[in-house]
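Just so we're aligned: the sequence shown equals residues 135 to 246 in our numbering.
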Amino acid sequence: MPSRWSEKRESLDQGCGRPVGLQQLDSTAGSIVEFGNTEALKQAAIHGGGIAWLPGISLTRDLQDGSLVRLPIDSLAIERSFSIIRREGAYEVPAVDAFVGVIQKNSHCSTI
């Protein structure tokens with residue numbers, strides 16, 4: 135029996151727009167379109183392209199003017215992966231080292 139998550143996907147760009155959380159919500163979405171940047175996702179939602187997972191900071195104006203609305207979903211936990219990178223041979227800076235330490239302490243990362 136095929137999984138509903140094996141449905142057709144149209145990848146417009148490789149990137150961070152992913153169907154995160156749909157499994158948790160037991161969605162029956164038949165087609166998922168993936169974009170590689172926040173503005174493309176936002177514009178697709180504004181122009182009737184469905185829903186989008188977006189960082190709140192990118193939506194301030196759109197929420198104020200009513201072009202987008204926030205959907206309250208209490209039972210959803212979204213996780214994202216990030217990398218901390220530094221140029222090889224860069225000078226050690228105490229503030230940067232402290233920041234990396236806080237990230238390591240408060241995340242699920244094993245090595246940086």
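Ideal placement from N, C-alpha and C gives every residue a C-beta, glycine not left out.
An exposed status is given to Phe-216, since fewer than 16 other beta-carbon atoms sit within 10 Å of its beta-carbon. Annotated three-state conformation of Ile-219 is coil, per DSSP. Ile-212 carries a coil assignment under DSSP once its states are collapsed to helix, strand and coil. Membership of Val-234 in the alpha helix (DSSP H) is indicated by the continuous run 228 to 239. Annotation for Ile-166: the continuous beta strand (DSSP E) segment containing it runs 166 to 168.
Three or more pairs of CB atoms, one per stretch, sit closer than 8 Å, so the stretch 183 to 196 contacts the stretch 165 to 173.
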